[in-house]
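Undergrad: Let me give you the structure first, and then I'll get to my questions.
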Amino acid sequence: QVQLVESGGGLVQAGGSLRLSCAASGSIFSINEMGWYRQPPGKQRELVAAVSSGGTTNYADSVKGRFTISRDNAKNTVYLQMNSLKPEDTDVYYCNKHPSWLTPNDYWGQGTQVTVSS
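First residue of the sequence shown: 6, per my numbering; consecutive thereafter.
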């Protein structure tokens with residue numbers, strides 16, 4: 006059964022930090038790359054950060070230097086350490102496979118809300 010459970014969101018002041026976690030079922034996690042996404046209002050869901058099974062990472066320019074993605078292959082879990090948070094980081098954050106692996110029918114979890122106050 007496909008499962009993606011995101012957690013760790015919350016309300017934080019600008020400049021603060023949060024650590025998001027995503028527990029994924031093995032059928033998803035076995036895919037090479039995993040990513041964290043967010044969907045700004047009125048826009049398409051965007052990839053924030055991605056990590057390969059070997060630990061290679063990529064980041065959107067808007068979060069580079071502030072966010073760090075990592076994974077624990079033994080626990081089928083992906084993390085997103087978010088530092089120096091800005092109000093524009095406010096969004097619901099989701100994890101899933103890298104866009105190169107996604108299909109229109111892929112399952113998405115409920116996400117976790119991150120709210121950054123100014």
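Built from N, CA and C at the ideal position, the CB exists for glycine as well.
C27 to N101, Cα distance in whole Å?
TA: Approximately 9 Å, taken between the alpha carbons.
Undergrad: I33 lies in the alpha helix (DSSP H); which residues open and close that run?
TA: Start and end: 31-34.
Undergrad: Taking W106 and I36 to be in contact with their CB atoms under 8 Å, please state how far apart those CB atoms are, rounded to whole angstroms.
TA: W106 to I36, Cβ: 5 Å. Contact.
Undergrad: CA-CA distance, G59 and L52?
TA: Going from the Cα of G59 to the Cα of L52 covers about 19 Å.
Undergrad: Name the DSSP bridge partner or partners of D66?
TA: Answer is none; D66 lacks a bridge partner.
Undergrad: Ignoring anything shorter than 3 residues, give me the beta strand (DSSP E) runs that lie fully in the segment 16-55, in order along the chain.
TA: The qualifying runs are 23-29, 39-43.
Undergrad: Just the C-alpha distance for K91 and S122, rounded to the nearest angstrom, thanks.
TA: Each residue's alpha carbon lies about 8 Å from the other.
Undergrad: Below 9 Å between beta carbons: does that hold for Y98 and E38?
TA: Not closer than 9 Å, so no.
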